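Counting from 1, position 61 in the sequence shown corresponds to residue 61 in full-length UniProt numbering; the numbering is continuous, with no gaps.
Quick reminder that beta carbons are idealized off the backbone N, C-alpha and C, glycines included.
Computed from a predicted structure; not experimentally measured.
Everything on this sheet refers to the single structure shown next.
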Amino acid sequence: MTCQRVRDIRESEEPETIEIRVIKKWIQKSKNEELCYQFVDAYGDCIEATANVKQIEHFDSIIQLMSCYKVSGCIATSCRTYMATVDHVASLVIGKKARFDPAPDLSIPDVYFNFATYDALKNRVKNARLLTDYIGRVETNSLRTTRSEKTLRKILIRDEMKNDLEITLWPDKRHLIGDEVIPGDIVAITSMMVTEYNGRLQLESTYLSSAFVNPDMPQTINHINRLKEVPPREQTGRDEQIATLQDIKLTSQQNLQNPKNFICKATIKHVHEDRTWYYVLCSKCRQKLYPQQKNNILNFVCKDDDDIVPNFRYCVNATIEDPTGSTDTVFFNESMEAIVNISCEDMVNKHADTTRPKLVPHLIRSIAGTTKLLNLTLKIDKQVVVNSVNNIASTTDTQSTNTAPGTSVFTPATPVPKSTISKRTVTETPGREGEKDENDINDEKHHCYGSYKM
1 MTCQRVRDIR ESEEPETIEI RVIKKWIQKS KNEELCYQFV DAYGDCIEAT
51 ANVKQIEHFD SIIQLMSCYK VSGCIATSCR TYMATVDHVA SLVIGKKARF
101 DPAPDLSIPD VYFNFATYDA LKNRVKNARL LTDYIGRVET NSLRTTRSEK
151 TLRKILIRDE MKNDLEITLW PDKRHLIGDE VIPGDIVAIT SMMVTEYNGR
201 LQLESTYLSS AFVNPDMPQT INHINRLKEV PPREQTGRDE QIATLQDIKL
251 TSQQNLQNPK NFICKATIKH VHEDRTWYYV LCSKCRQKLY PQQKNNILNF
301 VCKDDDDIVP NFRYCVNATI EDPTGSTDTV FFNESMEAIV NISCEDMVNK
351 HADTTRPKLV PHLIRSIAGT TKLLNLTLKI DKQVVVNSVN NIASTTDTQS
401 TNTAPGTSVF TPATPVPKST ISKRTVTETP GREGEKDEND INDEKHHCYG
451 SYKM
């Protein structure tokens with residue numbers, strides 16, 4: 001018997017038997033929860049199927065993920081209008097009358113991609129009808145921890161048309177891409193939400209998102225070959241990607257309504273030794289801890305809570321410079337750890353004189369004279385902070401020294417007031433993986449003993 005192609009199924013038209021592989025299963029989080037599946041056929045076409053979540057035991061007994069079936073007895077209806085994972089005009093409804101007869105494991109794909117183009121993303125902003133699949137080459141990859149202790153991952157990718165796009169993996173999905181993923185790797189990511197910040201498009205994970213690193217699949221091979229031919233960002237000469245310190249100074253003279261972010265190649269001129277270089281927070285209330293000595297043992301105490309774990313954070317004050325000028329700044333956790341390769345807690349316990357909190361350890365003072373690619377934020381109050389740090393590739397030179405002031409400002413897609421690498425487990429709040437905490441955009445300086453302005 002000839003089976004119907006998945007792509008030919010239409011709303012309200014009785015479907016014929018289809019031969020498919022079940023490649024995904026989830027429970028749709030909405031007011032009326034649904035049990036959902038993705039079915040893909042031998043042609044690589046995909047359709048969603050939904051069932052009553054109360055019948056999950058029945059369907060678990062007859063449907064196994066990644067298995068192939070001849071499916072009949074379904075109902076064709078309209079596609080879902082919220083967070084659909086497949087761009088199809090119809091979807092299937094399955095009940096107890098649906099039959100799943102095991103079929104030979106033929107050449108049916110075990111994954112489905114429907115990669116969007118960059119131009120198509122604009123129409124998906126604030127429109128959650130259809131989730132987005134995308135593929136690109138990794139340019140940067142780092143963890144960021146917000147003030148509310150949510151650790152997320154930021155990945156900047158470049159697509160086949162040289163468009164740069166930032167990806168945010170929220171806490172429940174940050175494990176999809178690990179620290180081992182480096183610039184040059186190819187990432188295919190699915191079921192993402194398109195958002196926009198300061199005029200720049202970005203992708204944010206949903207609870208349905210999946211990621212594939214260097215996917216060696218028939219569906220991706222042509223994309224990978226084209227991505228290998230795309231030049232790295234540093235070698236494209238796109239002047240909006242590198243800012244000078246003079247650019248930042250000119251921007252600071254404007255009436256800022258929101259923080260501004262920049263990429264800048266600069267040298268650490270010197271570390272300020274008259275400023276406290278770390279602070280300690282309570283693991284429970286996130287308030288400042290106070291150093292207290294007893295029997296020559298230093299403890300950090302919270303005024304409200306007991307049985308706490310001190311949370312050490314860098315806030316190293318320094319002056320940076322480039323050929324156009326200099327400015328004072330603060331290096332927070334992720335940026336300082338990236339330079340000294342040691343956590344703040346270990347730095348305090350192993351290399352610091354805790355009786356003299358303003359005595360900066362030699363390991364930190366020794367970073368003076370090093371040149372880095374800095375991710376800077378100019379805050380509304382004109383304070384400049386360093387969010388993350390990258391080494392300068394030996395084969396590239398900065399564009400910033402040859403760029404007219406005010407024309408080379410690069411603003412990443414998502415505001416990053418504070419970025420850290422957390423060594424501790426972060427407790428997540430179910431169902432809030434996509435929410436932005438207003439505390440994330442508050443000024444961090446009240447935890448630090450110093451702040452600088454342009």
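- Around valine 194, the same chain offers Leu121, Arg124, Val125, Thr132, Leu201 and Leu203 as residues with beta carbons nearer than 7 Å, after the five sequence neighbours per side are excluded.
- Isoleucine 23 and alanine 103 have their C-alpha atoms roughly 14 Å apart.
- Valine 340 sits in a helix when the DSSP states are folded into three classes.
- Close CB contacts of arginine 226 within its chain, under the 8 Å cut and outside five residues either way in sequence, are with Glu160 (chain order).
- Around methionine 66, the same chain offers Arg21, Val22, Ile23 and Asp110 as residues with beta carbons nearer than 8 Å, after the five sequence neighbours per side are excluded.
- Counted as a single uninterrupted DSSP element, the alpha helix (DSSP H) harbouring histidine 362 occupies residues 362–365.
- Taking 8 Å as the cut-off, the beta carbon of valine 213 is found closer than this to the beta carbon of isoleucine 177.
- Annotated three-state conformation of serine 61 is helix, per DSSP.
- The stretch 274–291 and the stretch 306–325 touch, with no fewer than 3 CB-CB distances between them shorter than 8 Å.
- Contact annotation, arginine 5 with tyrosine 43: C-beta distance approximately 6 Å; criterion of less than 8 Å satisfied.
- Secondary structure remark: continuous alpha helix (DSSP H) runs of at least 4 residues inside the stretch 261–349, in chain order: 333–340.
- By the Cβ-count criterion, alanine 368 is exposed, with fewer than 16 other Cβ atoms from all chains shown falling within 10 Å of its own Cβ.
- Taking 8 Å as the upper bound for CB-CB distance, leucine 208 and isoleucine 380 are not in contact here, some 35 Å apart.
- In the three-state scheme derived from DSSP, where H, G and I count as helix and E and B as strand, valine 53 is classed as helix.
- The Cβ-Cβ distance between valine 360 and threonine 354 does not fall below 8 Å.
- Here the C-alpha atom of threonine 77 lies approximately 21 Å from the C-alpha atom of isoleucine 63.
- Linking leucine 92 to glycine 73 through their CA atoms gives a straight-line distance of about 10 Å.
- When the Cα atoms are used, lysine 54 and serine 107 turn out to be separated by approximately 33 Å.
- Secondary structure note for arginine 144: its beta strand (DSSP E) is the uninterrupted segment 132–145.
- In this structure, the straight-line span from the alpha carbon of lysine 294 to that of proline 323 is close to 50 Å.
- The beta carbons of threonine 371 and threonine 267 sit about 5 Å from each other, so the pair counts as a contact at 8 Å.
- In this structure, the straight-line span from the alpha carbon of serine 283 to that of serine 335 is close to 21 Å.
- If you ignore the 5 residues before and after glutamine 292, its C-beta comes within less than 8 Å of the C-beta of Leu298, Asn299, Phe300 and Val301, all in its own chain and listed in chain order.
- Rounded to the nearest whole angstrom, the C-alpha separation of proline 15 and phenylalanine 100 is 14 Å.
- Threonine 151: member of the beta strand (DSSP E) spanning 151–158, first to last residue.
- Separation of lysine 358 and lysine 173 (C-alpha to C-alpha, rounded to the nearest whole angstrom) is 38 Å.
- For serine 252, the uninterrupted alpha helix (DSSP H) segment begins and ends at 245–252.
- Around the Cβ of valine 384, a 10 Å sphere holds 16 or more other Cβ atoms; the residue is buried.
- Around the CB of serine 205, 16 or more other CB atoms lie within 10 Å, so the residue is classed as buried.
- CA-to-CA, the gap between tyrosine 82 and lysine 31 works out to about 12 Å.
- Excluding sequence positions up to five before and after valine 309, its CB lies within less than 6 Å of the CB of Ser283, all in the same chain and listed in chain order.
- Closest in C-alpha terms to glutamate 321, from the list Leu373, Tyr118, Val86 and Asp185, comes Leu373.
- With respect to the 8 Å criterion, glutamate 48 and threonine 17 are not classified as neighbours on the basis of their beta carbons.
- In this model, proline 231 and asparagine 163 are separated by some 11 Å (Cα to Cα).
- The three-state reading of DSSP puts proline 171 in helix, counting H, G and I together.
- Annotation for glutamine 287: Leu281, Cys302, Lys303 and Asp304 place their beta carbon closer than 8 Å to its own, counting only its chain and skipping 5 residues before and after.
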